[in-house]
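Quick notes on the structure that follows.
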Amino acid sequence: MIEQGAKIVNATDPGRCTVGFINDGVVYTAGHCGNEGDEFWLSREGKYDPELERIGTFHTKYEENESEPEETRSKLRNDHGFITLESPWVQLGSNLWSGDAVVPYEEIRPGMRVCAYGQTTRELSLIHISEPTRLLSI
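According to the working numbering, the sequence shown is numbered sequentially starting from 130.
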């Protein structure tokens, strides 16, 4: 079972990450955890373990900087991604840390606080939002 805060591993481009949020059959995590199409698995001690279950495929949204020439155009990525659940054996659990409430982007204001837990840092962080950045919809 996958719970919020669980360790997950990018099996395509080895790296470990944390389940940030679970909603509607999708596991959300940081965008820097992978590239479009990478395979993600459950993790044991932050390492890829072929005995563990494959979760699914990573997706992230890119935005091109259209002011640059097309052949050298950079792609801008917001730091959020999601994994589509593709295994019939993996069950999604709950959002133990945050609960299931979702704050619409339009309601995010400077001064609000966001809590985050990271598998790499193994710390719970309280972050004050100074200025919300524009998010790409998923």
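We put the beta carbon where it would ideally sit given N, CA and C, even for glycine.
What you are looking at is a predicted structure, and each value in this text was computed from that prediction instead of being measured.
{"query": "Which of helix, strand or coil DSSP assigns to GLY228", "result": "coil"}
{"query": "Residue range of the unbroken beta strand (DSSP E) whose run includes GLY144", "result": "144-147"}
{"query": "Reduced DSSP secondary structure (H/G/I, E/B, other) of GLU165", "result": "coil"}
{"query": "Among GLY222, PHE187, LEU225 and SER196, nearest to GLU215 - alpha-carbon criterion", "result": "PHE187"}
{"query": "Straight-line Cα distance separating ARG251 from PRO217", "result": "30 Å"}
{"query": "Beta-carbon proximity list for GLY210, same chain, < 7 Å, skipping 5 on both sides", "result": "THR158, ALA159, GLY160, CYS162, GLY163, PHE187, HIS188 and THR189"}
{"query": "Alpha-carbon to alpha-carbon, GLY222 and LYS136", "result": "13 Å"}
{"query": "GLY210 - DSSP class collapsed to helix/strand/coil", "result": "strand"}
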